[in-house]
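Chains as they are written, first to last, in the working numbering: chain A, 89 to 202; chain B, 53 to 166.
Every residue gets a Cβ at the ideal spot worked out from N, C-alpha and C, and that includes glycine.
Scroll down for the structure; my scribbles are underneath it.
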Amino acid sequence: QQQVKQSPQSLIVQKGGISIINCAYENTAFDYFPWYQQFPGKGPALLIAIRPDVSEKKEGRFTISFNKSAKQFSLHIMDSQPGDSATYFCAAVESNFGNEKLTFGTGTRLTIIP
Amino acid sequence: DVKVTQSSRYLVKRTGEKVFLECVQDMDHENMFWYRQDPGLGLRLIYFSYDVKMKEKGDIPEGYSVSREKKERFSLILESASTNQTSMYLCASSYAGSSGNTIYFGEGSWLTVV
């Protein structure tokens, strides 16, 4: 059973456009929602993260929108660039007496075309 | 610079062989994790450890075991490799209580079982 559902599986966006990746979760005990970016041949790296007490977080061209009542969150990449082409994973964390465990979505392969 | 090192990047093993995947981190992190990554399935947690000689099962522990004799080293063991264990394996580490915002991944070990 997938605790964090991610869509779409793949996404092609024109350079300069907006890339949007969506995630949904069921477990209301999740209290931290990071996004990871993975380039081919590399491990995932933290991109941006949000806690459920805010509805939006922006870092440069990357924005997370969070809807606690709907249990959904999304990543928006503004002015998408070819260098953004990568696989993106959403994740959710349930803190457990300081010992967190990440649950990942299934990933989105993003391709930015010129 | 932060470093999680997976010593074997590419391995080919025969069915039934015992396989060791080694991971070393140089950040004095308490937590260490082993994930496998498969297309369309994302990252799935196999085992994790919050301290030396301590281990806990993740979501897909069947067919795997782990060893953590030293704080910096976390080994994944496939007692009798099978073809359905062909995958990319990712090691990660983090500080205790970091809520996933200091989790660092290695570059992955590609295992093919023939």
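Residue environment, Ala133 (chain B), which counts as buried when at least 16 other CB atoms sit within 10 Å: buried
Quick one: list the residues of chain A neighbouring Glu159 (chain B), beta-carbon separation under 8 Å, in chain order. Gly129, Lys130, Gly131
Would you say Phe150 (chain A) and Phe161 (chain A) are within 8 Å of each other, going by their C-beta atoms? no
Paired residues, beta bridge with Gln97 (chain A) - DSSP: Partner(s): none; Gln97 (chain A) has no beta bridge.
Whole angstroms is fine: what's the gap from Ser117 (chain B)'s alpha carbon to Lys103 (chain A)'s? 45 Å
Which residues bound the beta strand (DSSP E) around Asp90 (chain B)? Boundaries of the beta strand (DSSP E) harbouring Asp90 (chain B): 83-90, taken from the DSSP string.
On the criterion of 16 or more Cβ atoms from any shown chain inside 10 Å, does Val71 (chain B) qualify as buried, or is it exposed? buried
In chain B, which residues lie with their C-beta within 7 Å of the C-beta of Gly195 (chain A)? Gly94
What does the alpha-carbon distance come out to for the pair Pro122 (chain A) and Tyr62 (chain B)? 29 Å
What are the boundary residues of the beta strand (DSSP E) that includes Thr199 (chain A)? First-last of the beta strand (DSSP E) with Thr199 (chain A): 196-201.
What residue range does the beta strand (DSSP E) around Lys105 (chain B) cover? That residue, Lys105 (chain B), is in no beta strand (DSSP E); it is neither H nor E in DSSP.
Classification of Glu82 (chain B) by the beta-carbon crowding that lies within 10 angstroms, buried from 16 upward: buried
What does Gln97 (chain A) touch in chain C if you count any residue whose Cβ is under 7 Å from its own? Checking the listed chains, one finds no chain C in this structure; the protein chains it contains are A and B.
In three-state DSSP terms, what is Pro122 (chain A)? strand
Using a Cβ cut-off of 8 Å (strictly closer), state whether Leu97 (chain B) contacts chain A. So, interface residue.
Rounded straight-line distance, which links the Cα of Ile100 (chain A) to that of Leu198 (chain A): 6 Å
Starting from the Cα of Val92 (chain A), find the closest Cα among A:Ala180, A:Glu188, A:Pro140 and give me that residue. Of the candidates A:Ala180, A:Glu188, A:Pro140, the one whose C-alpha sits nearest the C-alpha of Val92 (chain A) is A:Ala180.
Is there at least one non-hydrogen atom of the ligand FAD closer than 7 Å to the beta-carbon of Gly195 (chain A)? Of ligands this structure carries none, so the ligand FAD is not represented either.
Against Leu63 (chain B), what residues of chain A qualify as contacts under a CB-to-CB distance less than 8 Å, listed in chain order? Within 8 Å Cβ-Cβ: nothing; Leu63 (chain B) doesn't reach chain A, min ~15 Å.
Rounding to the nearest angstrom, what Cα-Cα distance links Val166 (chain B) and Phe157 (chain B) in this structure? Rounded to whole angstroms, Val166 (chain B) to Phe157 (chain B) spans 27 Å at the Cα level.
Give me the chain B residues within the contact set of Lys159 (chain A), using Cβ-Cβ distance strictly less than 7 Å, ordered along the chain. In chain order: nothing, as chain B lies at least about 18 Å away.
Using 8 Å for Cβ pairs, my map puts Ile112 (chain B) next to Ile98 (chain B). What's the rounded Cβ distance? 6 Å
Go through its chain and collect everything with a Cβ distance to Lys159 (chain A)'s Cβ below 8 Å, but skip five positions before and after it. Correct list, in chain order: Ala112, Tyr113, Glu114, Thr116.
For the beta strand (DSSP E) that Arg66 (chain B) lies in, which residues bound it at each end? From DSSP, Arg66 (chain B) is part of no beta strand (DSSP E); its letter is neither H nor E.
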